[in-house]
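S.K.: I have a structure here, written as structure tokens, and I will follow up with some questions on it.
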Amino acid sequence: MIFGVPLLQMLVLVFAATFDMKKIDMVVVDKDLSETSREMIAKFDAIPFYNLEFAVPDETIGEEMLFSDEADAILVIPPNMERNLIRDDKAQVQLLVNAIDGNSAQLIYSYSSRIIGNFNKNMIAEWKGIPEFSPPGEVKISESYWYNTELDYHWFMAPGILAVLVTVIGMFMSGMNLVREKEIGTIEQLNVTPVKKYQFIIGKLVPFWLIALFDLAFGLLVAWLVFDLPVVGNLLVLFAFASVFLLGALGLGLFISTVSDTQQQVMFISFFFMMIFIMMGGIFTPVESMPHWAQTIDRANPMYYFMKIMRNVVLKGSGFIDLLEEFLSLLLLGVIFLSLAIWRYRKTT
Amino acid sequence: MIKINQISKSYNENQAVKKISLKVNEGELFGLIGPDGAGKTTLMRILTTLLLPESGEAKMDGLDVVNDFKKIRHIVGYMPGRFSLYQDLSVEENLNFFATVFGTTVQENYDLIRDIYYQIEPFKNRRAGKLSGGMKQKLALSCALIHKPKILVLDEPTTGVDAVSRKEFWEMLKKLQKKGITILVSTPYMDEANLCDRVALIQKGELLNVDSPQRITEKFPRRIIQIRSDEMYRLINDLRAFEKAESVFAFGQFVHFTGINDDVETNELDIYLEKQNHNNIVVEEISPGIEDVFMSMQSNSK
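Quick look at the structure:
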């Protein structure tokens, strides 16, 4: 259970949670039906993930297709586009994008405008006889993607999801375990013994700490085998950070269970924290683009640090010194959460 | 050995223990007798340092239950009413675990638990959750004894256990008492009260009486008449309808009867019941048992 479930989650989530555009359904409303318009459409057609729908005479039908979610975008080529282009040296096309998902809308827009832009450039070159790739006085940007050169989204998601999994396992299991003793009553028998509070909490902490660390190793292995995820950084550094992070996560789980009486309560409170930790931890959206108050709250979010550390160490190869601030923050959070748990655990009611 | 002085404890509005004072002597087998909800468990939890009293103080072997709770945990063995050992650990693992927690080993105090433990030793690899009720209770007792406590506190140890195991269990307690352990035991069963050296009758958080079971029954002023006939249910109804009846309770095969002012004679009842067409009537006066005392006190306090 402890290993199978995370494995499954990892495989399902990493493949599923992707922002990569794999398929764009675009409706083409060609009212010009000229050589130029066909050439432009051919450019789109040549790209495998554009799935074009032709033979739509006007945009209202296209809009209906947007409504029924059959199309992601509509390209409207107005009548006389070619004529206007030749006569006035300029012409317009319209691109309507379904922007319910802002992210993919952005992507569709930028892909499409790049295609049209390229088409435009080629046309100018053709007509004016200027060599294609050296237009006059243009600043060219040359791109080079570092750390994830192929922009493989799985590489971005895998460390993030692994961070979430390890946290869920650690926090829920430690929390549940303690409160379960309350529910069955075994804690009663233990409370009359001379066991010290910190000994008890450590006893509850260590097994789940080891399991979570093991799960992390296991998850990295799976990610390496399945997604070809490289671990650029030092594994020792990664696990050192993970150990400190888990102290905090488990400490919080234990603290929650010391203030709860039933497993339901633990579930509910842990769930509350998990949602905030995950959503604000930057697994999908960069923390840097969150509002300022959210970033302030994230200072107390162990997941935020760990997510950052996971990605930086795994993909970028950051060392211990690069992440010293994160390390100290995690250490502080760990000490706080654990102290709270020990302080709040009562042998007497 | 145990001194309780004016201890009170309430849960919200509900006062569970009302200013109870009690003394248990060293080496005594002391029983807390009372129905469910009388406050027995609360009192025991205060003595085992699991609950803080609201007012009053209590001392276990001279140690205060509030200030010296750490020391008390070394000298007290507690067996909660609910089976509280780890169900997914085996018998042996449970025993070893609790020995370790108390900083001792099973071998060190084995002679103390030998008589009890040898009965469950054949099942030592079985999980505690899979044991029968009687065996669970023996294991729990072994675990409570593993650190050689001076005082043993047992909360309703025989509830939900069959008659044979109950008898065995009380024999074990007697043996432990001979080894010098002071035992405080609670039970809702009146018949077990007679096995204690002294008992305290508790009702709704208040102490009704503290004495040896013999003295309690001897001092009981009422006359108890025991009656039997073939039709139990009709017998009770008819007796309750009898004008001089004060209380009528079913006690197993018999009905225990007390008359108003104790001036009802056995032949009076004989005649009355014959008139009501009862067969095989037996009417005899008996000496009261602890249960009669309790029933009487209970109805008085209502």
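From first to last, the protein sequence lines are chains X and R. Okay, so the first sequence: first residue is 51 according to this note's numbering, each after it adds one. Okay, so the second sequence: first residue is 23 according to this note's numbering, each after it adds one. Note that the Cβ used here is the ideal one computed from N, Cα and C, for glycine as well. For clarity, every value in this text was computed on a predicted model and none was experimentally measured.
Quick check on Y294 (chain R): buried or exposed, where buried means 16 or more other Cβ atoms within 10 Å of its Cβ?
M.R.: It is buried - the Cβ of Y294 (chain R) has at least 16 other Cβ atoms within 10 Å.
S.K.: Whole-angstrom Cβ separation of I138 (chain R) and S164 (chain R), contact assumed at under 8 Å?
M.R.: That belief holds up - the Cβ atoms of I138 (chain R) and S164 (chain R) are roughly 5 Å apart, short of 8 Å.
S.K.: Below 8 Å on C-beta distance, what does S208 (chain R) contact in chain X?
M.R.: By Cβ distance, chain X contributes nothing, its closest Cβ being about 15 Å from S208 (chain R), past 8 Å.
S.K.: For Q275 (chain R), does the three-state DSSP call read helix, strand or coil?
M.R.: Q275 (chain R): coil per DSSP, three-state reduction.
S.K.: Please report how far the alpha carbon of V282 (chain X) lies from the alpha carbon of L57 (chain X), in whole angstroms.
M.R.: Approximately 22 Å, taken between the alpha carbons.
S.K.: Ignoring anything shorter than 4 residues, give me the alpha helix (DSSP H) runs that lie fully in the segment 191-268 of chain X, in order along the chain.
M.R.: Whole alpha helix (DSSP H) segments, 4+ residues: 203-234, 236-241.
S.K.: Quick check on the DSSP output: the beta strand (DSSP E) that includes Q109 (chain R) runs from which residue to which?
M.R.: Counting along the chain, Q109 (chain R) falls outside any beta strand (DSSP E), and DSSP gives it neither H nor E.
S.K.: In whole angstroms, what separates the C-alpha of E268 (chain R) from that of A38 (chain R)?
M.R.: About 30 Å.
S.K.: Just tell me which of X:R361, X:A391, X:G331, X:S339 has its CA closest to the CA of A350 (chain X).
M.R.: That would be X:G331, whose Cα lies nearest to the Cα of A350 (chain X).
S.K.: Hey, is the segment 53-66 of chain R in contact with the segment 228-235 of chain X, meaning 3+ C-beta pairs nearer than 8 Å?
M.R.: With the cut-off at 8 Å, the segment 53-66 of chain R and the segment 228-235 of chain X do not touch.
S.K.: In chain X, which residues lie with their C-beta within 9 Å of the C-beta of P179 (chain R)?
M.R.: Those do not exist, as P179 (chain R) stays about 13 Å from chain X at its closest Cβ, beyond 9 Å.
S.K.: Name the one or two DSSP bridge partners that L286 (chain X) has.
M.R.: According to DSSP, which records beta bridges pairwise, L286 (chain X) is partnered with nothing at all.
S.K.: Should F104 (chain X) be labelled buried (16 or more other beta-carbon atoms within 10 Å of its own) or exposed?
M.R.: Exposed.
S.K.: Note down the Cα distance separating M360 (chain X) from L288 (chain X), rounded to an integer number of angstroms.
M.R.: So the alpha carbons of these two residues sit roughly 7 Å apart.
S.K.: Terminal residues of the continuous beta strand (DSSP E) containing Y139 (chain R)?
M.R.: Premise fails: Y139 (chain R) lies in the alpha helix (DSSP H), 132-142, not in any beta strand (DSSP E).
S.K.: Measuring CB to CB, does I303 (chain R) end up less than 7 Å from F279 (chain R)?
M.R.: Going by C-beta atoms, I303 (chain R) is not nearer than 7 Å to F279 (chain R).
S.K.: Jot down the residue ranges of each uninterrupted alpha helix (DSSP H) in the segment 97-141 of chain X, minimum 4 residues, whole runs only, in chain order.
M.R.: Qualifying alpha helix (DSSP H) stretches, in chain order: 109-117, 131-138.
S.K.: Interface residues of chain R around N241 (chain X) at Cβ under 7 Å?
M.R.: In chain order: L72.
S.K.: When you compare the CB positions of P235 (chain R) and A263 (chain R), do they come within less than 7 Å of one another, or not?
M.R.: No, Cβ-Cβ distance for P235 (chain R) and A263 (chain R) is not below 7 Å.
S.K.: Within the 7 Å Cβ cut-off, does E238 (chain X) reach chain B?
M.R.: Given the protein chain composition of this structure (X and R), no chain B is represented.
S.K.: Taking the alpha helix (DSSP H) that M340 (chain X) belongs to, which residues open and close that run?
M.R.: Counting along the chain, M340 (chain X) falls outside any alpha helix (DSSP H), and DSSP gives it neither H nor E.
S.K.: Can you give me the Cβ contacts of S270 (chain R) inside the same chain, cut-off strictly under 7 Å, excluding the 5 residues immediately before and after it?
M.R.: Sequence inspection shows Val at residue 270 (chain R); the Ser mentioned does not correspond to that position. I258, L261, R262, V277, F279.
S.K.: Against G235 (chain X), what residues of chain R qualify as contacts under a CB-to-CB distance less than 8 Å, listed in chain order?
M.R.: Chain R residues near G235 (chain X): P102, R104, F105, S106.
S.K.: 7 Å is my cut-off, CB to CB: does V229 (chain X) come that close to chain R?
M.R.: Not an interface residue.
S.K.: If we call anything under 7 Å between Cβ atoms a contact, is A80 (chain R) one with L69 (chain R)?
M.R.: Yes, these two residues count as a Cβ contact at 7 Å.
S.K.: Apply the 10 Å Cβ neighbour rule to A162 (chain R) and answer buried if 16 or more other Cβ atoms are within range, or exposed otherwise.
M.R.: Its Cβ being crowded by 16 or more others within 10 Å, A162 (chain R) is buried.
S.K.: Counting pairs of Cβ atoms below 8 Å between the segment 75-86 of chain X and the segment 122-142 of chain X, do you hit three or more?
M.R.: Enough Cβ pairs lie closer than 8 Å, so yes.
S.K.: Just the Cα atoms here: how many angstroms apart are K158 (chain R) and R148 (chain R)?
M.R.: Rounded to whole angstroms, K158 (chain R) to R148 (chain R) spans 11 Å at the Cα level.
S.K.: From the DSSP secondary-structure annotation, give me the bridge partner or partners of L145 (chain X).
M.R.: The partner list for L145 (chain X) (beta bridge, DSSP) reads X:L125.
S.K.: Using a C-beta to C-beta distance shorter than 7 Å, which residues of chain R count as neighbours of V282 (chain X)?
M.R.: Within chain R, no residue comes near V282 (chain X); the closest Cβ sits about 42 Å away, beyond 7 Å.
S.K.: Which class does S32 (chain R) belong to by DSSP, given the choice of helix, strand or coil?
M.R.: Three-state result, S32 (chain R): strand.
S.K.: So is T243 (chain X) buried or exposed if we call it buried at 16+ other beta carbons inside 10 Å?
M.R.: That one is buried.
S.K.: From S32 (chain R) to P75 (chain R), what distance separates their C-alpha atoms?
M.R.: Approximately 9 Å between the Cα atoms of the pair.
S.K.: I'd like the span of the beta strand (DSSP E) that includes I293 (chain R), first residue to last.
M.R.: Taken as a continuous stretch (DSSP letters only), I293 (chain R) belongs to no beta strand (DSSP E), being part of the alpha helix (DSSP H) at 288-297.
S.K.: I'd like to know if H96 (chain R) contacts chain X, where contact means its C-beta is closer than 7 Å to some C-beta of that chain.
M.R.: Yes, H96 (chain R) counts as interfacial toward chain X.
S.K.: Enumerate, from N- to C-terminal direction, the unbroken alpha helix (DSSP H) stretches of 4 or more residues contained entirely within the segment 189-235 of chain R.
M.R.: You should have 212-215.
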